[in-house]
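A.B. asks: Pasting a structure here, questions to come.
Residue numbers (our numbering), protein chains in the order written: chain A, 325 to 496; chain B, 924 to 1024.
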């Protein structure tokens, strides 16, 4: 089906362009808004690749929760405007060179492995099938993930509390 | 028939490298964390494509765990950034040089 290919390439271009625009922004808040676009398009890619439940989670968790959290923190934290620009190229150049080299090595590796040129057939894992599979085969990692979230919550509460009055001299 | 499997992997690797470049070359701590998020997202995309190729749901399960790890990681990371900004008054990674003699 040619339509699916067109949809995939359009979404891929949206993802790449918005991510590229995000990482070259000088202001963090613009980068966050571009990343919301990128994550929406990635959610649509998940839907195209047969994972509707993960597409919903991508929009809810990534584009919804994480990016809004970033927005709140950007509004809270005072960011120094303008990272000094004179040493900018010294930061960008090695990263770009390493990324290009890794890209070519990875591309060669990807297209050498057998089966990489076989087209993907469309498929769909319904949320109920996914949930039954998850709690049948992966119930223990789900518990570990819930513990991880609980520990993250406790850690955030510990780090984010106000400095107590006096007395308690030890700072965390 | 959507696209060849290699094209999805190529998209994932480009996205991952964009995140890595962002994370390496910026000094703002928030941008470093954003780069990590982009990298986790690219890994999730590769997992979903592999899950579709082999018709196994394990890849999608792993993406769910990546989401959980990313959510807790970003919460802890942002709390640390706010804490560091409260202590030192800066979110620039180059300004954390209080150990310098």
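Beta carbons: idealized from backbone N, C-alpha and C, even for Gly.
Owing to the predicted nature of the structure, the values given are computational and were not obtained by experimental measurement.
At least one CB of chain A closer than 8 Å to the CB of residue 995(B): is that the case?
C.D. replies: Yes, its Cβ sits closer than 8 Å to a Cβ of chain A.
A.B. asks: Below 7 Å between beta carbons is the criterion; list the residues of the segment 469-487 of chain A that meet it against any residue of chain B, in chain order.
C.D. replies: Cβ contacts with chain B come from 469, 472, 473, 476, 479, 480, 483, 484.
A.B. asks: So for residue 426(A), helix, strand or coil by DSSP?
C.D. replies: Helix at residue 426(A).
A.B. asks: Report the residue from 466(A), 446(A), 418(A) whose alpha carbon sits nearest the alpha carbon of residue 991(B).
C.D. replies: Out of 466(A), 446(A), 418(A), 466(A) has the C-alpha closest to the C-alpha of residue 991(B).
A.B. asks: By the criterion of Cβ-Cβ separation under 9 Å, what are the contact partners of residue 943(B) in chain A?
C.D. replies: Result: 419, 422, 423, 426.
A.B. asks: Tell me, which residues are paired with residue 927(B) by DSSP?
C.D. replies: Residue 927(B) pairs with 443(A).
A.B. asks: With distances taken Cα to Cα, identify the nearest neighbour of residue 993(B) among 485(A), 416(A), 371(A), 390(A).
C.D. replies: Checking every option, the nearest Cα to that of residue 993(B) belongs to 390(A).
A.B. asks: Just to check my reading of the structure: residue 367(A) and residue 383(A) have Cβ atoms closer than 8 Å, yes? What is that Cβ distance to the nearest angstrom?
C.D. replies: Yes, residue 367(A) and residue 383(A) are in contact; Cβ-Cβ is about 5 Å, under 8 Å.
A.B. asks: Can you tell me the Cβ-Cβ gap for residue 965(B) and residue 938(B), rounded? I've got them flagged as a contact below 8 Å.
C.D. replies: Contact holds; Cβ gap of about 4 Å.
A.B. asks: Which first and last residues belong to the alpha helix (DSSP H) in which residue 964(B) is found?
C.D. replies: Per DSSP, residue 964(B) belongs to the alpha helix (DSSP H) from 952-977.
A.B. asks: Output yes if chain B places a C-beta closer than 8 Å to the C-beta of residue 450(A); else output no.
C.D. replies: Judged by the 8 Å Cβ criterion, residue 450(A) is not in contact with chain B.
A.B. asks: Should the segment 939-952 of chain B be regarded as contacting the segment 413-425 of chain A, the criterion being three or more beta carbon pairs within less than 8 Å?
C.D. replies: Segments in contact, yes.
A.B. asks: Going by the CB atoms, is the gap between residue 956(B) and residue 986(B) shorter than 8 Å?
C.D. replies: No, they are not a contact pair.
A.B. asks: Within the 8 Å Cβ cut-off, does residue 398(A) reach chain B?
C.D. replies: So, interface residue.
A.B. asks: Residue 462(A) to residue 984(B), Cα distance in whole Å?
C.D. replies: Roughly 8 Å separates the two Cα atoms.
A.B. asks: Is residue 421(A) near the ligand GTP, with its Cβ less than 7 Å from a heavy atom?
C.D. replies: Ligands are entirely absent from the displayed structure, and the ligand GTP is therefore not among its contents.
A.B. asks: Helix, strand or coil for residue 496(A)? Go by DSSP, reduced to three states.
C.D. replies: Residue placement at residue 496(A) cannot be trusted, given a pLDDT of 49 that sits under 50; what the coordinates show is reported in the next sentence. Coil at residue 496(A), not helix or strand.
A.B. asks: Return the CA-CA distance between residue 954(B) and residue 970(B), expressed in angstroms with no decimal places.
C.D. replies: Going from the Cα of residue 954(B) to the Cα of residue 970(B) covers about 25 Å.
A.B. asks: What's the call for residue 976(B), buried or exposed, on a 16-neighbour Cβ count within 10 Å?
C.D. replies: Buried, by the Cβ-count rule.
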